[in-house]
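>
Numbering (our numbering), first residue to last: 15 to 283.
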């Protein structure tokens with residue numbers, strides 16, 4: 015799979031790409047990552063990529079010309095104009111990282127992992143010309159309800175999230191299943207234990223239809239500063255362990271992310 019990162023700060027990615035799962039995926043050829051300096055596609059001697067916004071206002075806005083030309087150079091073809099546009103490539107996503115975009119979730123990571131290529135446009139300053147969002151990007155994506163200095167870090171987070179879903183990226187393929195936000199996580203946790211009674215009212219319905227956070231994890235020592243690992247986890251009864259993990263995942267989700275369970279699933283006071 016190929017990732018392209020269009021940015022005015024190509025040196026930003028020197029560190030994040032060289033560690034952990036992403037580094038191993040690059041070394042084994044599972045992913046190919048290209049970093050494109052946006053300033054290469056400027057025309058003036060100052061390599062200007064931004065300008066003041068029409069209508070006035072704070073900050074500067076990334077210009078459309080270099081962004082369109084950079085992405086077209088990566089794609090190897092033009093993306094058209096107001097008179098007509100070619101159909102987008104079905105196995106390629108052009109993702110504009112933007113605080114005004116749709117919220118990125120694990121389901122989007124799974125969808126990207128089925129593609130051949132993802133091109134990230136890393137916004138900066140006050141944002142990018144809206145024609146980039148409307149006519150160049152296939153998606154406009156945000157990683158959360160907060161503001162960062164640019165799209166480089168969000169793009170790297172998504173690249174990491176997608177890479178670890180690719181077959182062969184993880185030492186244990188189940189690691190991408192038995193974790194928070196996995197669509198099949200709840201079934202995996204419950205497989206060895208009895209189902210708890212469906213919760214009504216607070217959870218907004220049958221808990222089996224909800225998304226869950228991962229269950230709590232413990233390791234040695236079994237006792238640390240007086241805090242003891244739950245006895246069920248060291249007892250050796252796998253069915254009871256699975257049952258405990260399911261209930262613990264539900265409780266942790268209700269405590270930390272009740273929104274995943276439904277509007278009325280607020281934690282108990």
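Glycine residues also receive a C-beta, built at the ideal position from the N, C-alpha and C atoms.
(1) Can you give me the C-alpha to C-alpha distance between residue 16 and residue 25, rounded to a whole angstrom?
(2) Does the Cβ-Cβ distance between residue 75 and residue 65 come in under 8 Å?
(3) Are residue 246 and residue 237 touching if we call contact CB-CB under 8 Å?
(4) Thinking C-alpha only, which one of 92, 173 and 143 is nearest residue 157?
(5) Would DSSP call residue 35 helix, strand or coil?
(6) From the DSSP output, in three-state form, read off residue 111 for me.
(7) Would residue 142 and residue 116 qualify as a contact pair, given that the criterion is a beta-carbon distance under 8 Å?
(8) Enumerate in chain order the residues of its own chain whose CB-to-CB distance from residue 146 is below 8 Å, with the five nearest sequence positions on each side excluded.
(9) With DSSP as the reference, label residue 103 as helix, strand or coil.
(10) Rounded to a whole number of angstroms, what is the C-alpha to C-alpha distance between residue 209 and residue 257?
(11) Using only CA atoms, which one of 234, 242, 230 and 243 lies nearest to residue 264?
(12) Give me the residue from 32, 118, 68 and 180 with the minimum Cα distance to residue 169.
(13) In this structure, how does DSSP classify residue 65 when only helix, strand and coil are distinguished?
(14) By a C-beta neighbour count over all protein chains shown, 10 Å radius and 16 as the cutoff for buried, is residue 183 buried or exposed?
(15) Which residues share a DSSP beta bridge with residue 154?
(16) Looking at the structure shown, is residue 220 part of a helix, part of a strand, or coil, going by DSSP?
(17) Taking residue 172 as part of the alpha helix (DSSP H), name the residues at either end of that continuous run.
(18) Please work out which residues of its chain come closer than 8 Å, Cβ to Cβ, to residue 35, disregarding the five sequence neighbours upstream and downstream, and give them in chain order.
(19) Starting from the Cα of residue 86, find the closest Cα among 45, 41 and 133 and give me that residue.
(20) Out of 57, 250, 166 and 149, point me to the one whose CA is closest to residue 27's CA.
Straight from the coordinates:
(1) Residue 16 and residue 25 have their C-alpha atoms roughly 19 Å apart.
(2) Yes; because the gap between Cβ atoms is below 8 Å, this pair is in contact.
(3) Going by C-beta atoms, residue 246 is not nearer than 8 Å to residue 237.
(4) The shortest C-alpha separation from residue 157 is found at 173.
(5) If DSSP states are grouped into helix, strand and coil, residue 35 belongs with the helices.
(6) Residue 111: strand per DSSP, three-state reduction.
(7) In this structure, residue 142 keeps its C-beta atom at 8 Å or more from the C-beta atom of residue 116.
(8) 76, 78, 81, 82, 110 and 135, listed in sequence order.
(9) Coil at residue 103, not helix or strand.
(10) Note that residue 209 has pLDDT 41, beneath the 50 cutoff, so the model's placement of it is unreliable and the number below is only indicative. Rounded to the nearest whole angstrom, the C-alpha separation of residue 209 and residue 257 is 7 Å.
(11) Considering only alpha carbons, the answer is 230.
(12) Considering only alpha carbons, the answer is 118.
(13) Three-state result, residue 65: strand.
(14) The C-beta of residue 183 has 16 or more other C-beta atoms within 10 Å across all chains shown, which makes the residue buried.
(15) 110.
(16) Residue placement at residue 220 cannot be trusted, given a pLDDT of 47 that sits under 50; the coordinates are not used to answer.
(17) Bounds of the alpha helix (DSSP H) holding residue 172 are 166–177.
(18) If we look at residue 35 and ignore the five residues flanking it on each side, its Cβ neighbours are 174, 177, 178, 183 and 184.
(19) When only C-alpha atoms are compared, the closest one is 133.
(20) Scanning 57, 250, 166 and 149 for the CA closest to the CA of residue 27 turns up 166.
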